[in-house]
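K.L.:
Numbering (this note's numbering), first residue to last: 157 to 613.
Even glycine gets a Cβ: it sits at the ideal position worked out from N, Cα and C.
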Ligand code: B12
Ligand code: SF4
């Protein structure tokens with residue numbers, strides 16, 4: 157059979173590169189699927205392809221983003237989307253996805269390959285860990301950071317298909333700082349509307365210093381080193397968004413935003429110098445919560461915090477290499493509340509070594525902690541994580557088809573627990589979620605505000 161060995165990227169193109177953000181795999185029984193990246197009512201921009209686009213544009217190439225979570229694409233089939241993309245006559249098409257978006261990505265890849273000879277490049281976490289699978293629906297896979305590779309492909313005259321799995325160049329913090337800020341036209345229609353996106357999402361670092369076994373960072377898929385934008389870059393970005401669009405309220409999506417006292421101190425000083433008063437939400441880690449840091453967090457404008465608690469049982473916390481204990485979490489949450497922060501506790505059900513009693517420990521712990529919210533999800537052994545490699549030892553994947561994985565589905569059962577029991581336990585956990593929600597609306601909002609005032613005295 158004739159095999160294409162390389163693509164010669166010639167001809168007149170309207171656009172050099174089109175980058176596509178795909179949508180979530182459908183959730184059975186859920187009519188209105190939260191579209192890709194939709195989270196707590198606000199849609200998160202596709203940071204990965206935004207960064208690649210701006211990096212490539214910097215060198216003078218044209219890049220168009222196609223965000224399939226936009227309303228205008230909702231009624232189109234993969235064939236319709238492929239026709240739309242091809243109508244722009246791109247030289248290269250890049251598709252970005254996590255596991256929970258793999259169905260849309262692969263069917264789009266198939267449609268594009270059926271209809272044209274334009275090279276289709278896959279990237280993002282799912283194709284990075286399962287490149288062979290992705291190659292059935294595209295020509296090349298880039299593993300890890302995509303900026304430099306996409307720039308090289310766009311700049312070159314041909315793509316060598318002897319090398320279909322390409323290792324992306326991990327950008328250093330300095331290189332990340334060269335990427336221009338994303339422009340309004342790259343976002344979707346909801347991003348700059350505070351009634352739809354009350355907390356403008358931004359990301360200021362890549363990676364995480366911890367190694368939880370269920371997380372991609374647990375494996376160090378990209379360089380195990382965490383990379384941060386410099387404080388100057390971040391402050392400039394806040395300032396730009398405030399001056400240009402009047403935005404002061406931000407949702408920071410970093411794995412862990414509050415990483416060190418020194419970095420927070422620098423940020424506080426630089427923000428105060430510009431008289432920038434912000435309202436921030438971010439993820440925190442229990443290990444770092446200390447009074448001196450909490451004071452800085454107040455000064456920088458952090459109000460809501462999200463803390464990965466995962467389990468109320470020390471053995472499970474150890475199994476998942478979370479690096480925290482139940483005692484540590486308790487202290488951290490109490491301190492956060494004492495200093496007047498709103499706290500969302502994030503928990504997992506069905507992790508490594510779980511039994512109904514350990515899950516009940518988690519539910520009880522979540523109920524007892526003074527968090528304002530409690531969110532529960534089923535543990536999922538994503539490919540590329542240590543959890544995935546340990547599956548046989550501790551349980552089984554009951555949904556082997558990744559195109560059916562989404563943020564709500566039960567895909568893994570720990571040994572000795574039935575599907576029915578898992579759903580029952582999740583229903584019980586949801587009662588805690590509901591209780592926290594009601595408690596927050598009756599009490600939480602003003603008691604926390606008072607605690608904040610008191611802690612500043
Ligand atoms: C922000 C974030 C979110 C945001 C939104 C993400 C989005 N934009 O859609 C929110 C909070 C909504 C979210 C939710 C979830 N998330 Co999340 N999230 C992240 C996080 C912390 C950062 C992602 C990010 O923006 N990074 C910064 C950008 C610059 O990096 P990047 O996206 O990786 O992109 C780079 C490369 O991947 C590559 N690349 C990306 N696309 C492409 C395309 C091409 C063509 C090329 C060449 C390269 C390329 O180049 C980019 C630039 O270098 C990551 C963890 C992490 N540190 O990556 C988890 C992560 C992506 N999330 C994960 C998960 C599991 C989820 C949830 C399913 C959790 C849940 N149970 O609900 C949900 C589902 C979301 C949904 N679609 O509905 C997993 C994904 C695992 C997997 N195999 O899919 C991750 C990796 C964390 C983990 N647990 O390991 N998430
Ligand atoms: S602390 Fe969070 S982001 Fe870091 S490895 Fe653990 S789960 Fe992943």
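#1: Is residue 382 helix, strand or coil when you go by DSSP?
#2: What is the rounded straight-line gap between the Cα of residue 586 and the Cα of residue 237?
#3: Where DSSP assigns a beta bridge to residue 246, which residues make up the other side?
#4: Could you give the C-beta distance for residue 176 and residue 284, rounded to a whole number, given that I count them as a contact under 8 angstroms?
#5: Flag residue 177 as yes when its Cβ comes closer than 8 angstroms to any non-hydrogen atom of the ligand B12, and as no otherwise.
#6: How long is the line joining the alpha carbons of residue 530 and residue 242, rounded to whole angstroms?
#7: Quick check: the Cα distance between residue 592 and residue 554, rounded to an integer number of angstroms?
#8: Take residue 430 as the anchor and find which of 462, 395 and 404 has the nearest alpha-carbon.
#9: If the criterion is Cβ atoms closer than 9 angstroms, does the pair residue 506 and residue 566 meet it?
#10: Could you give the uninterrupted runs of the beta strand (DSSP E) lying entirely in the segment 541 to 602, keeping only those of 3 residues or more?
#11: Thinking C-beta only, is residue 522 closer than 9 angstroms to residue 465?
#12: If you run the structure through DSSP and keep just helix, strand and coil, what is residue 357?
#13: Exposed or buried, which one is residue 188 when buried takes at least 16 other CB atoms within 10 Å?
#14: Roughly how many whole angstroms lie between the Cα atoms of residue 179 and residue 346?
#15: I'd like to know whether the C-beta atoms of residue 354 and residue 405 end up nearer to each other than 9 angstroms.
#16: Between residue 560 and residue 584, what straight-line distance do the alpha-carbon atoms span, to the nearest angstrom?
#17: Taking just the CA atoms, how far does residue 495 sit from residue 524?
#18: Given the structure, does residue 229 come close to the ligand B12, in the sense that its CB is under 8 angstroms from one of the ligand's heavy atoms?
#19: Using a threshold of 9 angstroms, state whether the C-beta atoms of residue 543 and residue 582 are closer than that.
#20: Considering just the uninterrupted stretch of the beta strand (DSSP E) at residue 461, what are its terminal residues?
#21: For the candidate residues 181, 499 and 309, whose alpha-carbon lies nearest to that of residue 626?
#22: What whole-angstrom Cβ distance do residue 437 and residue 408 have, given they're in contact under 8 angstroms?
#23: Taking Cβ positions, are residue 503 and residue 532 nearer each other than 9 angstroms?
#24: Give the DSSP-derived three-state secondary structure of residue 370 in the structure shown.
#25: Please classify residue 472: is it buried, with 16 or more other beta-carbons within 10 angstroms of its beta-carbon, or exposed?
#26: Within a Cβ cutoff of 6 angstroms, which residues of the same chain sit near residue 440, ignoring the five residues on either side of it in sequence?
#27: Where does the unbroken beta strand (DSSP E) through residue 329 begin, and where does it stop?
P.N.:
Let me lay it out:
#1: Correct three-state label for residue 382: coil.
#2: 37 angstroms
#3: 171
#4: Between residue 284 and residue 176 the Cβ distance is about 16 angstroms, and since that is not below 8 angstroms, they are no contact.
#5: Result yes, Cβ under 8 angstroms from the ligand B12.
#6: Approximately 44 angstroms between the Cα atoms of the pair.
#7: 31 angstroms
#8: With distances taken between Cα atoms, residue 430 lies closest to 395.
#9: A distance below 9 angstroms separates the beta carbons of residue 506 and residue 566.
#10: 551 to 553 and 568 to 570
#11: yes
#12: If DSSP states are grouped into helix, strand and coil, residue 357 belongs with the strands.
#13: Model confidence at residue 188 stands at a pLDDT of 45, short of 50, so the residue's coordinates are unreliable; what they give is reported in the following sentence. That one is exposed.
#14: 16 angstroms
#15: yes
#16: Spanning the two alpha carbons is a distance of roughly 24 angstroms.
#17: 19 angstroms
#18: no
#19: In this structure, residue 543 keeps its C-beta atom at 9 angstroms or more from the C-beta atom of residue 582.
#20: 458 to 466
#21: One cannot answer for residue 626 here, as it falls past the ends of the chain, which runs 157 to 613.
#22: 7 angstroms
#23: Yes, these two residues count as a Cβ contact at 9 angstroms.
#24: coil
#25: Burial of residue 472 is indicated by the presence of at least 16 other C-beta atoms within 10 angstroms of its C-beta.
#26: 414, 461 and 463
#27: Here residue 329 belongs to no beta strand (DSSP E); instead the alpha helix (DSSP H) covers 329 to 332.
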